[in-house]
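**Q** Have a look at this one.
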Amino acid sequence: MLEFMEKGGMFMWPILACSVFALAIMAERAFALWLRFRLNAEQFLNQIIGYLEEKKFSRAIEVCNVEGKHPLAEVLKSGLMKANESDREIQRAMETTTLKVSGKVTARISYLSMLANASTLLGLIGTIQGLIQSFAGIASADAAAKQDILSKGIAVAMYTTFFGLLVAIPNVIAYSILTNRQNSLLTQIEVTATDLFNYLSARNQRLAQKKRA
16 MLEFMEKGGM
26 FMWPILACSV
36 FALAIMAERA
46 FALWLRFRLN
56 AEQFLNQIIG
66 YLEEKKFSRA
76 IEVCNVEGKH
86 PLAEVLKSGL
96 MKANESDREI
106 QRAMETTTLK
116 VSGKVTARIS
126 YLSMLANAST
136 LLGLIGTIQG
146 LIQSFAGIAS
156 ADAAAKQDIL
166 SKGIAVAMYT
176 TFFGLLVAIP
186 NVIAYSILTN
196 RQNSLLTQIE
206 VTATDLFNYL
216 SARNQRLAQK
226 KRA
């Protein structure tokens, strides 16, 4: 590995740093999006509505507290805390919380795209550096040394290009997969929050009609 890095020249190390950062982000985001934020949204909502139907409001809040670290639980809890207020207040609370928690879902994923671009560009710079070394060496060296200088310069160019692409391609793939998962979770939060809002709105209308009757 060390020999591989040395043959590629100085720009191999920044590319390696990009790969280390990228792997850390991939591991952390994959754990968060597939394990930490794993939740059956439909079952979760039905459980909350079930307690509301039984007029066990505190139990509905408790269900959200149990899943407190999940963005969806935070959004639904914010709506429940405003359940006895106007539709506008319920909607505003849930929208505000959605904006706050969306950062937990989208955090650091965009860095993978940046690291992919950086790795590719660093590989390109290394390629140019290798070619410059080759042409500069050929111009000043004697005939016997030209071949050795040329081969070393081309090696630098090829190694950095190869390593840059080797790091960039998995980053692009991971970015696409994580972005799709991120969008799926955000859609799940939005749809489930809308379902709870519709339930609370209908519930408040029924209560208002009973009071007027």
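Sequence positions in the sequence shown follow the numbering used here and run 16 to 228. Using N, Cα and C, we set each Cβ at its ideal position, and we do this for glycine too. Given the structure is predicted, the values throughout are model-derived calculations rather than measurements.
1) Can you grab the Cα-Cα spacing for the pair Ala217 / Ser128, in whole Å?
2) For the stretch 47-130, which segments carrying the beta strand (DSSP E) assignment without a break, of at least 3 residues, lie completely within its bounds, in sequence order?
3) Below 8 angstroms on the Cβ atoms is my contact criterion, and I expect Met16 with Met27 to pass it. Report the Cβ-Cβ distance as a whole number of Å.
4) Look at Gly179 and Gln148 and say whether their C-beta atoms are less than 8 angstroms apart.
5) Can the beta-carbon of Gln203 be found closer than 8 angstroms to that of Ala56?
6) Cutting at 7 angstroms between CB atoms, please list the residues of its own chain near Leu222, excluding the five before and the five after it.
7) Spatial neighbours of Thr111 within its chain, please: CB distance less than 8 angstroms, with the 5 preceding and 5 following residues excluded, ordered by chain position.
8) With a threshold of 8 angstroms, are at least 3 pairs of Cβ atoms found where one atom belongs to the stretch 113-131 and the other to the stretch 76-92?
9) Start and end of the alpha helix (DSSP H) containing Gly23?
10) With 16 other CB atoms within 10 Å as the buried threshold, where does Thr209 fall?
11) Here's the rule: buried if 16 or more other CB atoms are within 10 angstroms of the residue's CB, otherwise exposed. What is Asn80?
12) In chain order, what are the residue ranges of uninterrupted beta strand (DSSP E) at least 3 long that sit wholly in the stretch 149-205?
13) Would you tell me roughly how many angstroms separate the C-alpha atoms of Lys71 and Asn99, rounded to the nearest one?
14) In whole angstroms, what is the alpha-carbon distance linking Ile124 and Leu91?
15) Rounded to whole angstroms, what is the Cα-Cα separation between Ala39 and Ile143?
16) Please report how far the alpha carbon of Ala133 lies from the alpha carbon of Ile30, in whole angstroms.
**A** The relevant details are as follows:
1) Residue numbering aside, residue 217 sits at position 202 when the sequence shown is read from its first letter. Residue numbering aside, residue 128 sits at position 113 when the sequence shown is read from its first letter. Each residue's Cα considered, the two are about 44 angstroms apart.
2) Secondary structure in the stretch 47-130: no beta strand (DSSP E) run of 3 residues or longer lies completely within the stretch.
3) For the purposes of this step, residue 16 is taken as the residue at position 1 of the sequence shown. For the purposes of this step, residue 27 is taken as the residue at position 12 of the sequence shown. About 10 angstroms; that fails the 8 angstroms criterion.
4) Here the question's residue 179 lines up with position 164 in the sequence shown. Here the question's residue 148 lines up with position 133 in the sequence shown. Cβ atoms of Gly179 and Gln148: not closer than 8 angstroms.
5) Here the question's residue 203 lines up with position 188 in the sequence shown. Here the question's residue 56 lines up with position 41 in the sequence shown. Yes.
6) As a position in the sequence shown, residue 222 is number 207, starting the count at 1. Counting only Cβ-Cβ distances below 7 angstroms, and skipping sequence neighbours, we find nothing.
7) Here residue 111 corresponds to residue number 96 of the sequence shown, with the count starting at 1. For Thr111, where only same-chain residues beyond five positions count, the Cβ hits under 8 angstroms are Ser93.
8) Touching, yes.
9) By 1-based counting over the sequence shown, the position of residue 23 is 8. 17-23 is the extent of the alpha helix (DSSP H) around Gly23.
10) Position 194 of the sequence shown, counted from the start, is the residue given in the question as residue 209. Counting Cβ neighbours within 10 Å, Thr209 comes out exposed, since fewer than 16 surround it.
11) Against the sequence shown, residue 80 aligns to sequence position 65. Burial call: exposed.
12) The qualifying runs do not exist here; there are none.
13) Taking the first residue of the sequence shown as position 1, residue 71 is located at position 56. Taking the first residue of the sequence shown as position 1, residue 99 is located at position 84. Just so you know, the alpha carbons of Lys71 and Asn99 end up roughly 14 angstroms apart.
14) Stepping through the sequence shown from its first residue, residue 124 is reached at position 109. Stepping through the sequence shown from its first residue, residue 91 is reached at position 76. Taken atom to atom, the span from the alpha-carbon of Ile124 to that of Leu91 is near 25 angstroms.
15) Indexing the sequence shown from 1 puts residue 39 at position 24. Indexing the sequence shown from 1 puts residue 143 at position 128. Ala39 and Ile143: Cα-Cα distance of roughly 29 angstroms.
16) Against the sequence shown, residue 133 aligns to sequence position 118. Against the sequence shown, residue 30 aligns to sequence position 15. Approximately 8 angstroms between the Cα atoms of the pair.
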